[in-house]
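First residue of the sequence shown? That's 730 in the working numbering, and the numbers climb one at a time after it.
Ideal placement from N, C-alpha and C gives every residue a C-beta, glycine not left out.
Computed from a prediction, not measured in an experiment: that's the story for all the values here.
Each remark here refers to the structure printed beneath this line.
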Amino acid sequence: MDILIIEDDVLIAKTMKSTWPVAGDTLQVVSTYAQSLSLITGPELMLFDAVVLDIHLPDGDGLGILRTIRAHSTVPIVMISGTGTPDTRAGVFDVGADDYLMKPFSVRELQARVARLVTVRKAAQPEGLTGAFLVDRVECDLQIRHLILGTAVESLTDAEARILGYLHANAGRTCSKSAIYKHAFFRAFNPADKTLDVYVGRIRRKLSALDAQSALHLQTARGVGYRLEASQR
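Printed below as a string of structure tokens:
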């Protein structure tokens, strides 16, 4: 999982990163409201499977960040706080939080709660993502968001799964950037926006980490879009 941590306490943030129990997860930490803005208001938010958010930040309100995220994303959010009453917690859920943990907390418990939320959220998104297929030697299981070769596994974000699923549904045909972008990000394509290129690059790297030859099946049609040569499972 790719997780965004918004936490101003340096010791807590370091503890989360150093004791996080799943080695394959990636944690990106920011410590202020200002630092979080570019991540929560732009396409970068789609890179994350979940957000862990402190209610109290030195330069702003964590609830404001929660509202901003919920205005355009359903990414799972766990709120954390050193203080709070039952009314406070109820208010957090009303705004759109998925879970709430009081400090001090067990990092293992936090990871388990985040993993459960991500699993439930992905299971609730069946649209076009229930199939499994092969890209050369790599199995692509979009229902669980995994690329698999033998015992090796690479995880996909939701957006990466939508891109790969769309290309597979049109296997052998060149898909325009505009069509892929609309399917993956649910908005019109801006030629100046390189988000899609970044995502395709990430998918290629994950395929290549499993099998370099398989990654060659994800091809660029320069000036047009992308094409996937896939083997139907």
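(request) Inspect the beta-carbon positions of Ile932 and Ala913 and report whether they are closer than 8 Å. (result) Their beta carbons are not under 8 Å apart, which means Ile932 does not touch Ala913 by this criterion.
(message) Do Asp778 and Met730 have their beta-carbon atoms positioned less than 8 Å apart in this structure?
(response) Taking 8 Å as the cut-off, the beta carbon of Met730 is found closer than this to the beta carbon of Asp778.
(message) Please report the straight-line C-alpha distance between Val817 and Ile784, rounded to a whole angstrom.
(response) In the sequence under discussion, the amino acid at residue 817 is Thr, which differs from the Val named in the question. C-alpha separation (whole angstroms): 10 Å.
(request) Give me whichever residues DSSP pairs with Ser905 in a beta bridge. (result) For Ser905, which the question treats as bridged, DSSP gives the partners Gly954.
(message) Quick test of the definition: if touching needs 3 or more C-beta pairs under 8 Å, does the region 752 to 770 touch the region 909 to 928?
(response) No, they do not touch.
(message) Measuring straight from C-alpha to C-alpha, what distance separates Ala881 and Leu939?
(response) About 7 Å.
(request) Check the C-beta distance from Val759 over to Ile735 and give it rounded, since I have them as a contact under 8 Å. (result) Contact flag correct, Cβ pair sits at about 6 Å.
(message) Checking the sheet assignment: what are the DSSP bridge partners for Gly789?
(response) Paired residue(s): Leu786.
(request) Could you name the residues of the same chain whose beta carbon sits closer than 6 Å to that of Thr797, not counting the 5 residues immediately before and after it, in chain order? (result) These residues qualify, in order along the chain: Ile769.
(message) Using CA atoms only, rank isn't needed, just tell me which of Arg799, Ala826, Val927, Leu830 is closest to Thr812.
(response) Closest option to Thr812, Cα to Cα, is Leu830.
(message) Going residue by residue through the region 866 to 934, where are the continuous beta strand (DSSP E) segments of at least 3 residues, counting only ones entirely within it?
(response) Entirely contained in the region 866 to 934, the beta strand (DSSP E) runs reaching 3 residues are, in chain order, 867 to 870, 875 to 878, 881 to 884.
(message) Which residue marks the beginning of the alpha helix (DSSP H) containing Val739, and which one marks its end?
(response) Its alpha helix (DSSP H) spans residues 739 to 748.
(message) Checking 8 Å against the spacing of the C-beta atoms, do Tyr910 and Leu925 come in under that value?
(response) Yes, the Cβ-Cβ distance between Tyr910 and Leu925 is below 8 Å.
(message) Can you tell me whether His801 is buried or exposed? The criterion is at least 16 other CB atoms within 10 Å of its CB, across all chains shown.
(response) Flag for His801 reads exposed.
(request) For Arg956, collect the residues of the same chain with a Cβ closer than 6 Å to its Cβ; drop the 5 residues on either side in sequence, then sort them by chain order. (result) The answer, listed in chain order, is Thr903, Gln948, Ala950.
(message) Considering Cα atoms alone, identify which of Val929, Val843, Val927, Thr761 is closest to Thr755.
(response) Out of Val929, Val843, Val927, Thr761, Val843 has the C-alpha closest to the C-alpha of Thr755.
(request) Pull up the distance between the alpha-carbon of Trp749 and that of Asp828, whole angstroms please. (result) Computed Cα separation, rounded: 18 Å.
(request) Tell me where the beta strand (DSSP E) around Ala861 begins and ends. (result) Unbroken beta strand (DSSP E) run through Ala861: 861 to 864.
(request) Report the option in Leu782, Asp737, Arg799, Cys869 whose CA atom is closest to the CA atom of Gly894. (result) The closest CA to that of Gly894, considering only Leu782, Asp737, Arg799, Cys869, is found on Cys869.
(request) Look up Thr797 in the DSSP assignment and say whether it is helix, strand or coil. (result) Three-state result, Thr797: helix.
(message) Considering just the uninterrupted stretch of the alpha helix (DSSP H) at Ser767, what are its terminal residues?
(response) First-last of the alpha helix (DSSP H) with Ser767: 762 to 770.
(request) Hey, could you find the ends of the alpha helix (DSSP H) Ser943 is sitting in? (result) From DSSP, the alpha helix (DSSP H) with Ser943 extends over 941 to 944.
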